[in-house]
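Shown next, in structure tokens, is the structure this report addresses.
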Amino acid sequence: MTVYFDDIIKDKLIINLKTTSPSNQQKAIAITERGLTITGTRITIYDIMDYLTAQYPPQFIRSMLSLTDEQLQAALSYIEAHRPEVEAEYQTVLQEAEALQKYWETQNSELFSRIATTPPKPGTEAIRAKLQRAKAQLES
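Residue numbers for the sequence shown follow our numbering, beginning at 102 and rising by one.
Here you go:
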């Protein structure tokens, strides 16, 4: 079973979401199985944090993620209002992503080695030559 959040941080975020969002308004940020997500999208706060960490301007982030001004503003406001919790959770997400990448690289290293040493299938010589010419043309 994969744990996406530190349970203590998750509990704090749920409490913060309940206490900072008026009950008569739709929540702009929701907790889903993917983490803190902008309501009505599959975009997480962590996606926005990636861009903020890389110091991209808000309008660039809005356009890259196809968000409305209201959605982006809600996400940025949430991040600012809950900075310590969001930062801690973001670091956890980054560590999990790195661990997953290492796991799959390890799992697939043998497969990649085997594929690299496998000779081309018979009958694909012409297409391989065409691909090599196109590759050489792109590199020149």
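All C-beta atoms in this analysis are idealised placements derived from N, C-alpha and C, irrespective of residue type, glycine included.
Using the rule of at least 16 other Cβ atoms within 10 Å of the residue's Cβ for burial, across every protein chain shown, is residue i buried or exposed?
| i | result |
| --- | --- |
| Thr225 | exposed |
| Met165 | exposed |
| Lys191 | The displayed chain sequence assigns Tyr, not Lys, to residue 191. Per the 10 Å Cβ criterion, buried. |
| Glu188 | exposed |
| Arg234 | exposed |
| Gly136 | buried |
| Ala217 | exposed |
| Leu201 | exposed |
| Arg244 | This structure cannot speak to residue 244, because the chain is shown only from 102 to 241. |
| Ala176 | buried |
| Leu239 | exposed |
| Lys236 | exposed |
Assuming residue i contacts residue j (C-beta within less than 8 Å), just tell me the rounded distance between them.
| i | j | result |
| --- | --- | --- |
| Ile180 | Ile139 | Not quite, the Cβ-Cβ distance comes to about 11 Å (not below 8 Å), so this is no contact. |
| Arg229 | Pro221 | 6 Å |
Taking DSSP's pairing of strands, which residues face residue i in a bridge?
| i | result |
| --- | --- |
| Ile139 | Ile130 |
| Thr145 | Thr138 |
Nearest-angstrom Cα distance between residue i and residue j?
| i | j | result |
| --- | --- | --- |
| Ala182 | Gln174 | 12 Å |
| Glu211 | Glu199 | 20 Å |
| Gln172 | Ile149 | 11 Å |
| Phe161 | Thr207 | 35 Å |
| Ser178 | Gln156 | 17 Å |
| Pro185 | Lys231 | 54 Å |
| Arg215 | Trp205 | 16 Å |
| Ser129 | Thr169 | The sequence shown places Ala at residue 129, not Ser. Each residue's alpha carbon lies about 12 Å from the other. |
| Leu57 | Pro223 | Outside the modelled stretch of the chain, which goes from 102 to 241, sits residue 57, for which no answer is possible. |
| Ala227 | Lys203 | 36 Å |
| Leu195 | Pro158 | 21 Å |
| Ala131 | Ser241 | 50 Å |
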